[in-house]
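Order-wise, the sequence lines are chains A, B, C and D.
Start counting the first sequence at 3; every next residue gets the next number (this note's numbering).
Start counting the second sequence at 3; every next residue gets the next number (this note's numbering).
Start counting the third sequence at 3; every next residue gets the next number (this note's numbering).
Start counting the fourth sequence at 3; every next residue gets the next number (this note's numbering).
To start, the structure under review is shown below, and the notes come after it.
Protein chains: 4
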Amino acid sequence: MDYQHLIEEVYQEVQEENLRGKVADYIPEIANVDPNKFGIALVDLKGNVFGAGDYKEQFSIQSISKVHTLTMVFKAFDTKLWSRVNVEPSGDPFNSIAQLEYEKGIPRNPFINAGALVITDALCSKFEKPIAQLTEFINEIAGDTCVKINPDVKNSEKNHGERNTALAYFLKSFKNFNNPIEEVLEVYFSQCAIAMSCVDLAKSFSFLANDGYSIFAERQILSESNARRINALMLTCGFYDEAGEFAFRVGLPGKSGVGGGVAAVMPHKFSIAVWSPELNEKGNSVKSIKALELLTNKLEFSLF
Amino acid sequence: MDYQHLIEEVYQEVQEENLRGKVADYIPEIANVDPNKFGIALVDLKGNVFGAGDYKEQFSIQSISKVHTLTMVFKAFDTKLWSRVNVEPSGDPFNSIAQLEYEKGIPRNPFINAGALVITDALCSKFEKPIAQLTEFINEIAGDTCVKINPDVKNSEKNHGERNTALAYFLKSFKNFNNPIEEVLEVYFSQCAIAMSCVDLAKSFSFLANDGYSIFAERQILSESNARRINALMLTCGFYDEAGEFAFRVGLPGKSGVGGGVAAVMPHKFSIAVWSPELNEKGNSVKSIKALELLTNKLEFSLF
Amino acid sequence: MDYQHLIEEVYQEVQEENLRGKVADYIPEIANVDPNKFGIALVDLKGNVFGAGDYKEQFSIQSISKVHTLTMVFKAFDTKLWSRVNVEPSGDPFNSIAQLEYEKGIPRNPFINAGALVITDALCSKFEKPIAQLTEFINEIAGDTCVKINPDVKNSEKNHGERNTALAYFLKSFKNFNNPIEEVLEVYFSQCAIAMSCVDLAKSFSFLANDGYSIFAERQILSESNARRINALMLTCGFYDEAGEFAFRVGLPGKSGVGGGVAAVMPHKFSIAVWSPELNEKGNSVKSIKALELLTNKLEFSLF
Amino acid sequence: MDYQHLIEEVYQEVQEENLRGKVADYIPEIANVDPNKFGIALVDLKGNVFGAGDYKEQFSIQSISKVHTLTMVFKAFDTKLWSRVNVEPSGDPFNSIAQLEYEKGIPRNPFINAGALVITDALCSKFEKPIAQLTEFINEIAGDTCVKINPDVKNSEKNHGERNTALAYFLKSFKNFNNPIEEVLEVYFSQCAIAMSCVDLAKSFSFLANDGYSIFAERQILSESNARRINALMLTCGFYDEAGEFAFRVGLPGKSGVGGGVAAVMPHKFSIAVWSPELNEKGNSVKSIKALELLTNKLEFSLF
């Protein structure tokens with residue numbers, strides 16, 4: 003398969019369609035990103051990199067980092083984790099608090115904000131220096147010292163963090179939060195502020211396409227069966243309340259971020275990261291999703 | 003792969019675990035089924051059949067028939083269908099009406115009751131003799147005159163049909179229902195009353211494992227890409243509000259019915275049907291799900 | 003108290019404010035009413051009538067008739083009624099079905115549509131000729147053969163009745179509906195189609211201002227304590243999801259209808275009916291509410 | 003009217019019925035109160051006090067203090083207040099956060115927790131020493147230096163305050179919270195920890211029965227029309243999701259607290275406070291409500 007040609011073709015076709023959305027504007031650091039940025043990087047199971055456009059440029063990966071954190075925490079707690087967070091699609095917006103109330107403090111899944119806060123709380127319970135260790139972990143599986151935490155983004159997130167703080171206190175009221183809220187939020191906002199390039203991001207997802215083994219870290223990151231489970235979770239819950247649509251149109255497990263990035267995997271084939279800042283009304287990158295749809299159509303395969 | 007051996011092993015292990023649930027009791031015809039029935043049938047892409055237990059015995063496939071109807075309607079309307087029904091997981095029970103109100107008459111997906119009613123309404127718009135033609139279609143893709151519609155089940159469904167009737171009128175109030183309600187409900191309850199054996203059911207799902215081509219009908223049932231889309235829908239929405247859990251534990255696209263059946267596919271490998279009447283509290287067959295979980299664990303593959 | 007002068011003053015001031023809303027447009031018979039109609043009639047406890055504007059003209063009282071039906075049914079069933087319908091404000095729109103689902107088929111109160119359907123069902127259980135007997139009852143307490151049921155309105159209601167039909171089937175699925183749905187809906191739509199003038203309507207509410215005794219019927223309609231209870235219900239639930247606002251601004255028990263009418267009582271003083279077709283977004287008559295607010299302000303009394 | 007005789011009769015009858023409920027147990031200071039305490043105090047418009055049982059003993063008035071705070075804030079902001087908080091009954095439990103989400107940060111009314119937090123926030127915006135000034139205000143309108151803030155209760159409330167903290171952050175995320183959250187919560191928990199006797203509490207409500215004029219403070223506390231509005235609010239929203247039931251059975255404006263107290267008024271007649279710690283499942287005092295119901299039945303009047 004000539005992935006380089008394929009990616010360039012996809013890149014070209016998406017650019018020609020001139021799709022527009024709206025850059026997220028809740029913090030200035032995201033709002034001010036050049037909306038025309040667009041990059042694609044694909045990494046096959048041997049570690050070959052194929053790229054197009056701005057694929058080497060760092061961007062704010064935001065919620066995509068929830069997959070990295072979940073991986074560390076899943077490794078540490080295994081199935082015990084699922085008493086604190088469910089694995090069902092949400093159907094509600096990512097930051098909804100109503101569902102959490104109806105379901106008595108057990109978030110629907112680890113990728114909505116409430117669930118990610120529980121995961122970060124679990125991270126803080128198990129790791130002494132959670133931010134440093136998370137950074138180190140991502141660097142390891144990306145095979146490069148690539149992770150930067152943008153301090154301005156982190157501070158802006160913090161200053162707009164009332165809703166996440168509310169979720170944390172609400173979780174605590176249901177006894178589903180164990181560490182000091184301030185500490186956990188510090189970690190949470192730091193992980194949201196991670197900047198990476200498409201190529202490094204795709205590399206960091208490689209183990210999920212490879213039955214849990216990272217060719218960059220040269221070790222088994224998760225058991226084969228737990229790696230599969232993270233893929234299942236991404237497929238059913240990785241795109242907020244548009245997860246069904248993404249499965250339907252694209253058919254790959256993946257995770258999006260409000261910075262316009264999407265990371266996805268085709269199991270036993272490749273991992274891929276796409277970035278374009280303009281979002282649709284569900285908060286997913288318009289061009290990134292289109293690129294992945296074209297890609298699976300051209301490849302004539304998806305999961306299904 | 004020695005599928006026969008595999009299936010017998012799974013059958014044996016599930017039997018030894020002695021899992022219990024509760025047979026659905028809303029109609030006598032379902033309530034009175036022997037709770038100890040248990041069958042598995044797997045059909046590979048060449049049409050070889052592997053079976054264990056009561057796999058040749060007919061049972062009420064109930065909601066599994068929604069996949070057959072959807073296939074006919076999807077073929078007839080293609081993408082126009084998706085203006086009337088969404089493709090997102092529901093998160094609510096299968097017969098919930100609240101979500102339909104919040105979302106102004108557009109059901110979340112074609113497998114919750116409201117969505118299935120829209121699909122059946124669409125069937126009635128396109129096919130002159132919907133029940134006869136649906137029966138014929140299933141027979142064709144199962145490669146056998148196997149479908150029976152149990153008249154007692156149908157009448158019982160009808161007599162307990164107030165909630166579905168309410169959903170139909172509610173859809174009509176949102177102009178998302180085109181045919182006379184009585185007529186559509188007649189078809190709907192008939193399709194719920196279809197009885198098939200595991201082996202025939204697995205055969206009828208074979209085209210979904212085979213890029214849309216049925217080796218039994220010897221024709222392309224759906225385009226490769228639309229067959230994939232039905233698989234995606236089954237994965238994200240096929241098990242009511244337990245779809246995430248099923249994806250997480252089993253990782254195959256599938257559809258369950260309140261009669262205790264589950265039909266599923268492993269794309270490019272096989273289709274499979276399992277039946278055991280006792281259900282968990284979400285309405286899915288306890289043993290059938292366990293059997294599929296064991297199977298994918300033993301095979302060491304799933305979608306992911 | 004010079005009620006005639008007071009009412010004319012109120013009438014004049016409201017006219018000068020030139021408040022506008024939107025005439026209900028779901029059926030042509032309501033949509034085509036002259037939007038400039040405006041009438042007020044006040045009836046004191048001696049039966050003296052004071053009126054202004056179009057107070058002698060008949061209009062479609064719509065949901066106001068729910069008070070008359072409730073009165074008959076409350077008399078017949080007394081406290082047994084409250085196992086089938088609650089007495090709490092709804093907070094949701096009048097035709098919401100979601101709440102009914104969450105609360106397992108027990109409507110919040112007798113004035114939302116679901117509750118009114120239960121009341122009408124109870125009417126049909128107790129009265130042989132429910133429409134004729136309801137008409138007769140209203141004529142009796144209004145002291146005049148005044149009630150007309152507009153057949154065009156009734157038929158239009160029926161033709162737009164899918165949502166109410168859905169509610170009825172939904173209630174039946176919860177075993178909170180005893181009579182054939184068609185029959186009950188016939189009565190329901192008939193009662194919605196009642197036409198009365200402000201003066202007759204005010205007279206028919208007189209017993210609620212008079213501890214249950216009607217000076218027109220010359221008999222005790224309800225016990226003093228049950229009459230009080232209907233007033234309490236009107237205060238907390240009589241104006242859909244604007245009941246709190248009406249209590250806050252006006253402070254009288256009352257009931258509004260989508261035809262633009264409002265009937266209200268000041269206990270131990272008077273009953274009153276106001277009519278003006280243009281509605282605010284909550285479905286209550288803009289001018290009628292304003293008129294009642296001015297009235298209680300000028301009188302310097304309300305319930306409180 | 004021989005109020006003393008009446009109250010003693012009511013007291014006796016309630017005691018004989020031996021109604022039981024459950025003392026609130028979320029904080030030890032409330033949980034450990036003697037469940038057999040029971041007191042009634044009625045104050046007429048001349049300031050005569052009539053009492054029975056433990057009516058001179060202090061208890062934790064909890065949410066009843068929300069009426070005092072609202073009075074101060076309503077006086078300070080007048081109608082501007084209602085852009086920040088609505089006046090509709092809630093239908094949901096007092097500490098629900100879901101409704102706040104659906105209604106974009108505008109609480110349903112000033113008596114549910116979210117609304118009371120907005121009111122306390124407004125208090126902090128207008129008053130330099132909110133706790134001291136609130137205390138002073140209640141003392142003034144009760145005609146006595148009677149208010150104590152129980153420091154143990156306050157600290158316990160604080161230690162169980164995650165849910166209220168979540169509500170405050172959630173309000174802040176909707177820009178409906180202006181002061182530092184810690185500061186406002188300090189005031190909020192202090193006001194919940196106010197201890198008063200029935201007699202002092204009834205006196206402090208006297209102005210609401212008297213068109214806004216306090217005979218104890220010897221001044222107009224609120225305009226006649228605003229006093230009426232607070233009564234309307236208490237009637238529609240004063241008893242959590244049991245407000246309709248209370249209006250239906252008792253028919254007086256009032257406010258309950260989780261400590262088992264209820265304060266109510268009969269406009270132009272009297273104010274009354276009742277206390278008994280055991281609560282029904284909606285969180286309202288079983289005996290207190292029964293006592294008020296008997297009282298209005300015996301008096302043969304209520305609002306209606």
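Think of the CB as a built atom: it goes at the ideal place given N, C-alpha and C, for glycine as much as any other residue.
These numbers were taken from a predicted model, which means no experiment stands behind them.
- For residue 125 (chain B), none of the residues of chain A pass the 9 Å Cβ criterion, the least Cβ distance being about 20 Å.
- In the DSSP assignment, residue 123 (chain C) falls outside any beta strand (DSSP E) and lies within the alpha helix (DSSP H) extending over 115-128.
- Among the bridge pairs identified by DSSP, residue 46 (chain D) is matched with D:272.
- Distances from the CA of residue 207 (chain A) to each of A:162, A:108, A:270 were compared; the closest alpha carbon is that of A:270.
- For residue 222 (chain C), the pairing in a beta bridge is given by DSSP as C:215.
- Against chain A, a Cβ distance below 8 Å from residue 165 (chain D) picks out 171, 172, 175.
- Nearest CB-CB separation between residue 269 (chain B) and chain A: below the 8 Å threshold.
- Remark: C-beta atoms of residue 42 (chain A) and residue 28 (chain A) do not approach each other more closely than 8 Å.
- Collapsing the DSSP output to three states places residue 135 (chain A) in a helix.
- A buried status is given to residue 70 (chain D), since no fewer than 16 other beta-carbon atoms sit within 10 Å of its beta-carbon.
- Contacts with chain A (Cβ-Cβ distance below 7 Å) from the segment 245-275 of chain B involve 245, 246, 247, 249, 250, 253, 255, 269, listed in chain order.
- The beta carbon of residue 103 (chain D) falls within 8 Å of a beta carbon belonging to chain A, placing the residue at that interface.
- Taken atom to atom, the span from the alpha-carbon of residue 232 (chain C) to that of residue 131 (chain C) is near 24 Å.
- Residue-level contact check: residue 118 (chain B) does not touch chain C, since none of the beta carbons of chain C fall below 8 Å from its beta carbon.
- In the structure shown, residue 265 (chain C) falls within a strand segment according to DSSP collapsed to helix, strand and coil.
- Under the Cβ distance rule, residue 91 (chain A) counts among the residues neighbouring chain B, one pair being separated by less than 8 Å.
- Note on geometry: alpha-carbon atoms of residue 257 (chain B) and residue 175 (chain C) lie some 26 Å from one another.
- Contacts with chain D at 8 Å (Cβ-Cβ) do not include residue 134 (chain C).
- Proximity of residue 29 (chain B) to chain C, defined by a Cβ-Cβ separation below 8 Å, is not satisfied.
- Against residue 238 (chain C), the close residues of chain D are 91, 237, 238, 245, 246, 249, 250, in the order they occur along the chain (beta-carbon pairs closer than 9 Å).
- With its beta carbon at least 8 Å from every one in chain A, residue 44 (chain B) lies outside the interface.
- Judged by DSSP secondary structure, residue 248 (chain B) falls within the alpha helix (DSSP H) whose first and last residues are 245-251.
- From the listed residues B:82, B:275, B:110, B:197, the smallest Cα separation to residue 92 (chain A) is found for B:110.
- DSSP places residue 85 (chain C) within a helical segment (H, G or I) once states are collapsed to three.
- Three or more beta-carbon pairs separated by less than 8 Å are not found between the segment 166-184 of chain B and the segment 280-287 of chain B, which leaves the two stretches without contact.
- One Cα belongs to residue 214 (chain C), the other to residue 122 (chain C), and the distance between them is close to 21 Å.
- Exposed is the label assigned to residue 85 (chain B), since fewer than 16 other Cβ atoms lie within 10 Å of its Cβ.
- Listed by position along chain A, the residues whose Cβ is nearer than 7 Å to that of residue 304 (chain B) are 230.
- In the structure shown, residue 98 (chain B) adopts coil according to DSSP, grouped into three states.
- Contacts with chain B at 8 Å (Cβ-Cβ) include residue 98 (chain C).
- The criterion of a C-beta distance shorter than 8 Å is not satisfied by residue 8 (chain C) and residue 203 (chain C).
- Among the bridge pairs identified by DSSP, residue 280 (chain B) is matched with B:25.
- Listed by position along chain D, the residues whose Cβ is nearer than 7 Å to that of residue 168 (chain A) are 168, 171, 172, 175.
- The beta carbon of residue 140 (chain D) lies closer than 6 Å to those of 70, 149, 206 in the same chain, with the five residues before and after it left out.
- One alpha carbon belongs to residue 199 (chain B), the other to residue 264 (chain B), and they sit about 11 Å apart.
- Taking each of B:302, B:189, B:138 in turn and checking the Cα distance to residue 163 (chain B), the smallest one comes out for B:189.
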